[in-house]
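Heads up: the structure comes next, in structure tokens.
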Amino acid sequence: MSAAPAIAAKPVDREKGNAFPVTVVCLCILLAWYIAAIPMNWVIAGPKIEAAGGGLANVLAFSWNEARPVIPAPHQIARELWKSIFTVAPWMPKSLIYHGWVTLSSTLLGFVLGSLLGIALAIAIVHSKFLSKSLMPWIIASQTIPILAIAPMVIVVLGSVGFTGLVPKSLISMYLCFFPVTIGMVKGLTSPEAMQLDLMRTYHASTSQVLWKLRFPASVPFLFASLKVAVAIALTGAIVGELPTGAIAGIGARLLQGSYYGQTVQIWAALFMGSFLAAALVWLVGVLERVTLKRMGVRP
Amino acid sequence: MAGPVISARELSLVFQTADAPVYALSKVNLEVEDGGFVSFIGPSGCGKTTLLRVIADLEQATSGSITVNGMTPREARLKRAYGYVFQAPALYPWRTVERNVGLPLEIMGLDHAAERIAKNLELVNLNGFEKKYPWQLSGGMQQRVSIARALAFDPKLLLMDEPFGALDEIVRDKLNQQLLELWDRTGKTVVFVTHSIPEAVFLSTRIVVMSPRPGRIIDVIETNLPKNRTLDIRETPEFLSLAHRVREGLKAGHSYED
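Those protein sequences? They're chains A and B, same order as listed. Taking the numbering used here, the leading residue of the first sequence gets 26, the next gets one more, and so forth. Taking the numbering used here, the leading residue of the second sequence gets 13, the next gets one more, and so forth.
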């Protein structure tokens, strides 16, 4: 071939061009937040403002800097996050890294267990009409019960037989996150076309060969979509699991302590830590997805 | 091998549907000789694909008898007697070309996979594309990969269900020529489903003309065209008279109510 000028199309970078709208939305939220903080904190800050003689400067100074505000201003949360992440040793109970790690470890354990359970259930359901009919109603019913109703029972019952800490919490994560994996994987494992399945039949392939060489690879995109949902709710499960026993460590415990003592800034900092964790986990699954699909030769 | 590769006697297949039974095949009698190239041609709904699927044990006849290599279709399938090429390439998108061709070898646990893959990719003129993924190939190339895959484990019988139906005329002509050469070189028995008259006449040693409602055979035409033919043969009087006879057969069997 001659050296033709390269006119290869530039790959479209979907991340690019997102920065501006995202920034604008963030700024709008911050602005609304600061404005809303003034009336919401008036009950506490109002008398102090009047005592100081009123004026805009006093309004802003007091309503955005209360120690126990109804709603803390963004910079207060940022300061609390900075303090509890960077100025405290990560193994101290005052550190959000410490609490984050406690929650993260049970999230990850529950996520792994729940995903494995979800995949196993999906494989069983796809291969057996009987199991499909008998299991499916229970699987769906399991998700109609509010987790807040189940979590205390699980924690208390397991605690009474000596299981405390990591395992009961991760069981709650598992309970929440197996469901999207099962649903997604049933869809994924049945996604091969009739022809692709007929082909296996002409080879007289065994059921396990059909599973590993066709159904499972075909289900990978469905698996990752489910895993993204699952990892986020696994974190929710772990936090909920920390609430009922008044656990002393974990993001849930931090939320609980904050609400006992009216430490709203601490609550909000813990909330933010939780959402950072969730975002990081979902992002990580997304990276894993891209790497896996690339290795599988999927069209970029 | 003595005896026909495929032999069907009074073969019928009825699909039970919600309102009325559909007679997909009605009393089909057919013999396919070893080394032959037999085409089933007819309008859609004439049962040509169904007949091929019965041979392949992907459907089961409701009455009559059929043997493949002297066995029931099921026994023949379990012995991996045939390679099947579908209407679409049906490649596995996460496998490269060579791993798609190697799929039956993996499943059957056959050795010398690398040589078999290389040999069959050469048969369909696709050497050099081993590491490509299906989406990187054109439709015609994908279908050639699927032919190489069907031949990979060296079955004596090749069943092809409208393999070039989705391709444009130019690519189809080229693949017809290549398929003819491939058949000549390998000596396989080929059963080929098509709805293209020129394709059927050009490729076949025998053309089975079928008609719908109920699906049945209305004519069987021996072609006797020279073995080393090229696409030019389509201009000759012999070719045109064969094509005419196929067309007449299709016309006779066609009901104009629909």
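Note that the Cβ used here is the ideal one computed from N, Cα and C, for glycine as well. Please read these numbers as outputs of a predicted model, since none were measured by experiment.
Around Leu129 of chain A, the same chain offers Leu302 as residues with beta carbons nearer than 7 angstroms, after the five sequence neighbours per side are excluded. In terms of beta-carbon proximity, His229 of chain A lines the interface with chain B, with at least one pair separated by less than 8 angstroms. The residue among B:Glu127, B:Arg225, B:Ile245 and B:Gln99 with its C-alpha nearest the C-alpha of Pro175 of chain B is B:Gln99. Judged by their CB atoms, Val183 of chain B and Ala160 of chain B are not nearer to each other than the 8 angstroms cut-off.
Within chain B, Tyr104, Pro105, Trp106 and Arg107 have C-beta atoms less than 9 angstroms from the C-beta of Pro242 of chain A, given in sequence order. Under the DSSP assignment, Asn132 of chain B falls in the alpha helix (DSSP H) whose first and last residues are Ala125 to Leu135. If one requires a minimum length of 4 residues, the alpha helix (DSSP H) runs lying completely within the region 140-211 of chain B are 151-163 and 181-198, in chain order.
In terms of Cβ geometry, Val213 of chain B and Leu187 of chain B do not form a close pair [threshold 8 angstroms]. Restricting attention to B:Val258, B:Ala32, B:Val97 and B:Ser19, the CA atom closest to the CA of Ser77 of chain B is found in B:Ser19. Within chain B, the C-beta atoms nearer than 8 angstroms to that of Leu239 of chain A come from Tyr104, in chain order.
In this structure, Ile233 of chain B lies near Arg257 of chain B, with their beta-carbon atoms less than 8 angstroms apart. Rounded to whole angstroms, the separation of the alpha carbons of Leu201 of chain A and Ile172 of chain A is 8 angstroms. DSSP places Arg228 of chain B in the uninterrupted beta strand (DSSP E) bounded by Arg228 to Glu234. At a cut-off of 8 angstroms, the C-beta of Ile119 of chain B has a neighbouring C-beta in chain A. CA-to-CA, the gap between Ile69 of chain A and Arg315 of chain A works out to about 50 angstroms. Per DSSP, Lys39 of chain B lies in no alpha helix (DSSP H); the unbroken beta strand (DSSP E) holding it starts and ends at Val34 to Val44.
Listed along the chain, the chain B residues whose CB falls inside 8 angstroms of the CB of Met178 of chain A amount to none; the nearest CB is some 43 angstroms away.
For chain A, the residues of the region 131-150 of chain B that bring a beta carbon within less than 7 angstroms of one of its beta carbons are Tyr145 and Trp147, in chain order.
Around the CB of Phe45 of chain A, fewer than 16 other CB atoms lie within 10 Å, so the residue is classed as exposed.
Met178 of chain A is classed as exposed because its beta carbon has fewer than 16 other beta carbons within 10 Å across all chains shown. Under the three-state reduction of DSSP output, Arg107 of chain B falls in the coil class, being neither helix nor strand. Contact between the region 221-238 of chain A and the region 93-108 of chain B is present, with at least three C-beta pairs closer than 8 angstroms.
About 5 angstroms separates the beta carbon of Met222 of chain B from that of Lys60 of chain B, a gap short enough to meet the 8 angstroms contact definition. At a cut-off of 8 angstroms between beta-carbon atoms, Met210 of chain A makes no contact with chain B. Of the candidates B:His124, B:Pro105 and B:Gly177, B:Pro105 places its Cα closest to the Cα of Lys144 of chain B.
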